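Per my numbering, the sequence shown starts with residue 6, numbered consecutively.
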Amino acid sequence: MDTLLDRENNPRALLLSGTGRYSDPQHDYDATSEGLAGVLEEAGFDVVIASDLEAALTWLSSPWNWPDLLAVNVGLPRDGQPVPAEAAASGLRSWLGSGRPLLAIHTSATSFTDVSEWSDALGQGPTGDETGGLAGTLRIVPDPDPAAEYPHPLGWTYERPDGGRTVFATGGHDAGAFQQPQYRELLSEGISWLADSLLPVGAPAE
Numbered sequence: 006m007d008t009l010l011d012r013e014n015n016p017r018a019l020l021l022s023g024t025g026r027y028s029d030p031q032h033d034y035d036a037t038s039e040g041l042a043g044v045l046e047e048a049g050f051d052v053v054i055a056s057d058l059e060a061a062l063t064w065l066s067s068p069w070n071w072p073d074l075l076a077v078n079v080g081l082p083r084d085g086q087p088v089p090a091e092a093a094a095s096g097l098r099s100w101l102g103s104g105r106p107l108l109a110i111h112t113s114a115t116s117f118t119d120v121s122e123w124s125d126a127l128g129q130g131p132t133g134d135e136t137g138g139l140a141g142t143l144r145i146v147p148d149p150d151p152a153a154e155y156p157h158p159l160g161w162t163y164e165r166p167d168g169g170r171t172v173f174a175t176g177g178h179d180a181g182a183f184q185q186p187q188y189r190e191l192l193s194e195g196i197s198w199l200a201d202s203l204l205p206v207g208a209p210a211e
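Structure, rendered in structure tokens:
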């Protein structure tokens with residue numbers, strides 16, 4: 006990546022991992038964040054995994070010494086509290102409006118529900134509540150014919166209105182995902198595209 010090679014120092018990535026209330030029993034965020042950090046490091050980034058997610062977001066409220074890229078691998082808190090807390094939300098909004106690159110994976114798309122700019126920055130379109138129910142009985146039909154089929158994206162790239170770039174990958178459920186060559190290649194290509202948009206060293210934040 007010429008963008009990386011032309012820099013005096015390695016670009017820095019801040020990785021937000023699903024710790025505390027951003028964790029859940031179905032996902033080992035420590036393991037998947039280590040896997041994601043490994044792919045970023047292979048791409049030439051120095052990576053810091055935040056041990057306190059909301060403190061890291063609050064730190065982003067001031068553009069002083071910002072990282073070059075924000076990577077997100079988090080879950081959705083279900084404790085009834087704002088997601089994220091007010092000070093952290095301010096930092097997240099500052100980053101999302103800065104024109105800097107964003108990488109997010111898997112359940113991160115469901116998080117930060119009190120920051121509308123988050124879903125906008127991911128490029129995922131409008132969201133809303135779903136209504137459903139449970140059947141009392143289940144009848145299994147052998148060899149059924151599918152009534153409908155729908156494509157499901159593995160990821161996407163998005164150029165935000167502010168000029169910033171976003172990469173989202175749906176995979177990353179467990180550490181095994183990062184052992185799959187195809188998933189690593191998908192992430193690597195996305196990171197390369199993000200790296201092409203890095204601001205020069207010392208450039209002021211927006």
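Where a beta carbon is used, it is the ideal one built from N, C-alpha and C, also for glycine. Since this is a predicted model, take the numbers as computed values, not measurements.
Pair within 7 Å by beta-carbon distance, residue i and residue j
i    : j    : result
L191 : G160 : yes
L214 : L62  : Since the displayed the chain opens at 6 and closes at 211, residue 214 lies outside it and no answer follows.
A180 : G40  : yes
V77  : T118 : no
I54  : S28  : no
V52  : L20  : yes
S103 : V79  : no
S66  : S38  : no
I110 : G177 : yes
Three-state class that DSSP yields for residue i in the structure shown
i    : result
A3   : In this structure the chain extends from 6 to 211, so residue 3 is not present and cannot be described.
I54  : strand
D125 : helix
I145 : coil
Y155 : coil
P162 : Checking the displayed sequence, the identity of residue 162 turns out to be Thr instead of Pro. Here T162 sits in strand by DSSP.
L199 : helix
T171 : strand
R17  : strand
Bounding residues of the beta strand (DSSP E) (the contiguous stretch that carries residue i)
i    : result
S66  : Careful: S66 lies outside any beta strand (DSSP E) and carries neither H nor E.
A114 : Segment: none, A114 is in no beta strand (DSSP E) and carries neither H nor E.
V120 : Element bounds for V120: n/a, residue is neither H nor E.
L74  : L74 to N78
Host alpha helix (DSSP H) of residue i (start-end)
i   : result
T37 : Y34 to E47
R98 : E91 to L101
Span separating the alpha-carbon of residue i from that of residue j
i    : j    : result
N14  : G49  : 10 Å
P149 : L143 : 14 Å
Y163 : D125 : 10 Å
R83  : S121 : 17 Å
L56  : T24  : According to the sequence shown, residue 56 is Ser rather than Leu. Their backbone Cα atoms lie some 7 Å apart in a straight line.
V172 : L58  : 20 Å
L203 : A18  : 11 Å
D201 : S193 : 12 Å
T112 : D167 : 24 Å
P72  : P30  : 30 Å
P68  : A182 : 33 Å
Y34  : A152 : 36 Å
G169 : W123 : 13 Å
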